[in-house]
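Engineer:
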Amino acid sequence: MKRLSKVRLIIMAHPDDPELACGGSIARWAEKDEVYYIIVSSGEKGTWDRNVLPFKVAKKREEEALEAAQFLGVKKVIFLRHADGEIQSVKTIKIEIAALIRRLKPHTIVTHDPWRRQFHPDHRASGFAVIDAIMIARDWHFYPFLKEVGLAPHRSEELLLTPTDNPTFINDISTTFGKKLQAIRIHKSQLEQLPDWERRIKEMTETVGKSSGFKYGEGFYQMRI
Ligand SMILES: [Zn+2]
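Sequential numbering of the sequence shown, starting at 43, is according to the numbering used here.
#1: Identify the residues that DSSP records as bridge partners of H124: which are they?
#2: Would you check whether ligand 1 has a heavy atom nearer than 6 angstroms to the C-beta of H56?
#3: What span of residues does the alpha helix (DSSP H) with D164 cover, start to end?
#4: Thinking C-alpha only, which one of L51, K98, G259 is nearest P148?
#5: Compare the Cα-Cα distances from A72 to each of S83, E106, S47 and report the closest residue.
#6: Taking buried to mean at least 16 other C-beta atoms within 10 Å of its own C-beta, is A107 buried or exposed?
#7: Relative to the C-alpha of F300, which residue among K244, D238, I212 is closest?
#8: Rank L201, M177, V250 by C-alpha distance to the C-alpha of I215 and give the top, closest one.
#9: When the Cα atoms are used, what is the spatial distance from K221 to F184?
#10: Note down, one range per segment and in chain order, each beta strand (DSSP E) of at least 3 residues found wholly within the segment 99-156.
#11: For H165 and G127, I'd like the C-alpha separation in whole angstroms.
#12: Along the chain, where does the beta strand (DSSP E) containing E260 start, and where does it finish?
#13: Should Q235 be labelled buried (16 or more other beta-carbon atoms within 10 Å of its own) or exposed?
#14: Cβ-heavy atom distance between D126 and ligand 1 below 6 angstroms?
#15: Ligand 1 and D155: does any heavy atom of the ligand fall closer than 6 angstroms to the residue's C-beta?
#16: What separation, rounded to the nearest whole angstrom, lies between the Cα atoms of D207 and R158?
#17: Do you know offhand how far E240's Cα is from M246's?
#18: Can you tell which of T150, S231, V77 has the C-alpha that lies nearest to the C-alpha of H196?
#19: Do you know offhand how far G169's Cα is from L223's?
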């Protein structure tokens, strides 16, 4: 029998990225689908406080990520715990993600658009690692040890890249916009570093939504796999 709900897998570099990028869509998907997060780095460098120890920042941010995910209805958050700012130098990430794709068997995978004009090297590196991982997860002859540990190939159906400079799919988040704001607010340790975030998120989602006739929207670059 065909499953009615879909598995949606959100793979982002840092603990607050899912909610900032697409918290309204996650809240909508979680109403009927199974949503999972993979967070590549716990973001231990994400503070302006010179006197705090990075591992304490990571612990706090993981707690915030779990709370925000639970608030949105996400089933599970998987932390890969790679060093913040160094994701591009870790060669195993694509294999780690491929193994988890084979295990969770997502219909939809969501990650950063690595081709977007942006500063953060972790966002680019995570986006590219996920795209590489989709191939490894899908094709039979990549990394034969995966089959030996019980992880058969899995082909996901769609990849959604966000944030993106070129949205091709706008998701209507008018009913869950409030939840997106509330989920971002849970990342208390980050709000000081996101000056004026509430107004900026409102403006951005209004602008993106307007192009498709929605009050609020989130934009994705959609690729069929
Ligand atoms: Zn980030």
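For every residue, glycine included, the Cβ atom is placed at its ideal position computed from N, Cα and C.
Structural biologist: So, from the listed chains and residues:
#1: S83
#2: Between ligand 1 and the CB of H56, the shortest heavy atom gap is smaller than 6 angstroms.
#3: 163-180
#4: L51
#5: S47
#6: buried
#7: Residue 300 lies beyond the stretch modelled for the chain, which goes from 43 to 267, so this question has no answer here.
#8: It is V250 whose Cα lies nearest to the Cα of I215.
#9: 40 angstroms
#10: 118-124, 150-153
#11: Straight-line measurement puts the Cα of G127 at about 9 angstroms from the Cα of H165.
#12: 259-266
#13: The C-beta of Q235 has fewer than 16 other C-beta atoms within 10 Å across all chains shown, which makes the residue exposed.
#14: no
#15: no
#16: 6 angstroms
#17: 10 angstroms
#18: Selected option, being the one with the closest Cα: T150.
#19: A straight-line Cα-Cα distance of about 24 angstroms links G169 and L223.
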